[in-house]
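Enquirer: In the UniProt record's numbering, the protein residues as written are 1 to 420. Quick reminder that beta carbons are idealized off the backbone N, C-alpha and C, glycines included. Let me begin by handing over the structure; questions about it come next.
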């Protein structure tokens, strides 16, 4: 019987160990030596994320705001590091809301009667989720349907308050590029554009609902600054025209995230150019544009490291087994990404008297600890040497890592999450 493994990456060489910052190497080696078992951990540097946020925020005109998408990395240390450098957070669950509120504690908001700088997304918000958002005083709930609007109205009226709401729209046509399109096609997200007039007409009559604008999240992982600027301008034009046609005071235009990361490192999003391009075309008077970057801010702030538990040769192929895998780090497999590694040598062998298998100057396939061939993180990567007991480190693992994994399958211990 033959087993067909998941699609492999194009052959490439592993990163040299010097690609890992010295303090990252030292922290991982120290933690590995401390035991008690094989290391499997995420290591985060919040300052790296904060620096990226400052870079983006400085490039944008005053009418644009940065709301970090918590789903990309919800580790409290990362959120606390980002909080002073973003305008707010975008959340999609009760747990994300709680984490965002904790990170924002102490910032101006409810103390002066204003909303908490949190916007909420999600295509299937439940009554408990909506209740928490309204009670917290969220700046905006991005409503996805007429029924959701009615739920918001019922909850807000019952609490004797008013909920600020932006209508999420799935437009028919949009000039956009990106690896993941989320608009212009049948989708669970938002209100289809042909239905928008009817929904707005009914929404305006609902008690406890204050319509503030629109949410259009139509693409993801866009690396072209000019194309993303065109997309932002299109969102402003569409929102302005629609608000005017329906008598809505437009205060918010939420364009979602969409700024991408090239894991091959061959292209990067030009934030300065993006800022220059959009500055020339401000939104309608009184409106603010919200951006919800996630991976763009945090990808480079994280490393996933796992100890090599074994190295074996099978029918002409070398396999490197990790204490970890897609139960900790599923993104490369799920999105068919080429996510390269560095091998961090561990000099001491903790099993004296037992052989220490190694693969040298050859291509290897990096696999995890789960009982499925799907647990394959990287194939055909050339290594100078990798031994049992060494650490395999995935740089650029700060986004959609632990949050996107499947930690309960087979019940292995979770990955640690550490701060640098």
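Would you call residue 52 buried or exposed, if buried means 16 or more other Cβ atoms sit within 10 Å of its Cβ?
Expert: Residue 52 comes out buried.
Enquirer: Might you give, ordered along the chain, the residues of its own chain that have their beta carbon closer than 7 Å to the beta carbon of residue 132, omitting 5 neighbours on each side?
Expert: The answer, listed in chain order, is 94, 97.
Enquirer: Residues bridged to residue 303 by DSSP?
Expert: Answer is 43.
Enquirer: Starting from residue 270, follow the beta strand (DSSP E) in both directions and report where the run begins and ends.
Expert: Where residue 270 is concerned, there is no enclosing beta strand (DSSP E), given that its DSSP letter is neither H nor E.
Enquirer: Which parts of the region 384-419 are runs of the beta strand (DSSP E), unbroken and 3 residues or longer, counting only runs that do not cross its ends?
Expert: Fully enclosed beta strand (DSSP E) runs of 3 or longer: 391-394, 416-419.
Enquirer: Mapping DSSP to helix, strand and coil, what is residue 23?
Expert: Residue 23: helix per DSSP, three-state reduction.
Enquirer: Could you check the C-alpha separation between residue 151 and residue 120 for me, to the nearest Å?
Expert: Cα to Cα, residue 151 sits roughly 15 Å from residue 120.
Enquirer: What alpha helix (DSSP H) runs, 4 residues minimum, are completely inside the region 298-360?
Expert: DSSP runs (the alpha helix (DSSP H)) wholly in the region 298-360: 331-334.
Enquirer: Please classify residue 152: does DSSP put it in a helix, a strand, or coil?
Expert: Residue state, collapsed to three classes: helix.
Enquirer: Report the CB separation of residue 168 from residue 139 in whole angstroms; it is logged as a contact under 8 Å.
Expert: No, residue 168 and residue 139 are not in contact; Cβ-Cβ is about 15 Å, not under 8 Å.
Enquirer: If you run the structure through DSSP and keep just helix, strand and coil, what is residue 296?
Expert: It is helical.
Enquirer: Taking only the alpha-carbon atoms, compute the straight-line gap between residue 27 and residue 420 and give it to the nearest angstrom.
Expert: Distance between the alpha carbons of residue 27 and residue 420: 7 Å.
Enquirer: Could you name the residues that DSSP lists as bridge partners for residue 199?
Expert: Answer is none; residue 199 lacks a bridge partner.
Enquirer: Which whole runs of the alpha helix (DSSP H) in the region 76-110 are 4 residues long or more, in chain order?
Expert: Within the region 76-110, the complete alpha helix (DSSP H) runs of at least 4 residues are 76-82, 94-104.
Enquirer: Quick one: what's residue 291 bridged to in DSSP?
Expert: Residue 291 is bridged to 66.
Enquirer: Please name the residue, chosen from 320, 418, 64, that lies closest to residue 233 on a Cα-to-Cα basis.
Expert: It is 64 whose Cα lies nearest to the Cα of residue 233.
Enquirer: With a 10 Å radius around its C-beta and 16 neighbouring C-beta atoms as the bar for buried, classify residue 76 as buried or exposed.
Expert: Exposed.
Enquirer: Give me the Cα-Cα distance between residue 16 and residue 368, rounded to the nearest whole angstrom.
Expert: Between residue 16 and residue 368, the C-alpha separation is close to 22 Å.
Enquirer: Going by DSSP, what residue range makes up the alpha helix (DSSP H) through residue 232?
Expert: Note, residue 232: alpha helix (DSSP H), 225-245.
Enquirer: Can we count residue 309 as close to the ligand SAM, meaning its CB is less than 7 Å from some heavy atom?
Expert: Only the bare structure without any ligand can be found here, which leaves the ligand SAM out of the picture.
Enquirer: Between the region 386-396 and the region 45-61, do at least 3 Cβ pairs fall closer than 8 Å?
Expert: Because the criterion of three Cβ pairs below 8 Å is not met, the region 386-396 and the region 45-61 do not touch.
Enquirer: DSSP on residue 14, reduced to helix/strand/coil?
Expert: Residue 14 falls in the coil class under three-state DSSP.
Enquirer: Return helix, strand or coil for residue 215, following the three-state DSSP convention.
Expert: DSSP places residue 215 in strand when its eight states are reduced to three.
Enquirer: Give the range of the alpha helix (DSSP H) segment to which residue 129 is assigned.
Expert: Unbroken alpha helix (DSSP H) run through residue 129: 127-136.
Enquirer: Report the option in 130, 145, 141 whose CA atom is closest to the CA atom of residue 158.
Expert: Nearest C-alpha to residue 158: 130.
Enquirer: Taking the Cβ atom as the reference point for each residue, do residue 421 and residue 261 lie within a distance shorter than 8 Å?
Expert: Outside the shown range of the chain, which is 1 to 420, sits residue 421, and nothing can be said about it.
Enquirer: Go through its chain and collect everything with a Cβ distance to residue 235's Cβ below 7 Å, but skip five positions before and after it.
Expert: 216, 253, 255, listed in sequence order.
Enquirer: Is the region 296-309 close to the region 277-288, with three or more CB pairs under 8 Å?
Expert: The region 296-309 vs the region 277-288: no contact.
Enquirer: Considering residue 72, what are the terminal residues of the beta strand (DSSP E) in which it resides?
Expert: From DSSP, residue 72 is part of no beta strand (DSSP E); its letter is neither H nor E.
Enquirer: Buried or exposed: which applies to residue 301, given that a residue is buried once 16 or more other Cβ atoms fall within 10 Å of its Cβ?
Expert: Buried, because 16 or more other Cβ atoms sit within 10 Å of the Cβ of residue 301.
Enquirer: What are the start and end residues of the beta strand (DSSP E) that includes residue 252?
Expert: 252-254 is the span of the beta strand (DSSP E), which, as asked, contains residue 252.
Enquirer: In angstroms with no decimal places, state the Cα-to-Cα distance between residue 316 and residue 13.
Expert: When rounded, the distance between both Cα atoms is 19 Å.
Enquirer: Find out if the Cβ-Cβ distance for the pair residue 366, residue 320 is shorter than 8 Å.
Expert: In this structure, residue 320 lies closer than 8 Å to residue 366 by Cβ.
Enquirer: Hey, how far is the Cα of residue 412 from the Cα of residue 326?
Expert: Cα to Cα, residue 412 sits roughly 11 Å from residue 326.
Enquirer: Using the C-alpha atoms, what's the distance from residue 354 back to residue 294?
Expert: So the alpha carbons of these two residues sit roughly 45 Å apart.
Enquirer: As a quick exercise: from 257, 124, 81, 45, pick the residue whose alpha carbon is nearest that of residue 292.
Expert: Of the listed residues, the one whose Cα sits closest to residue 292 is 257.
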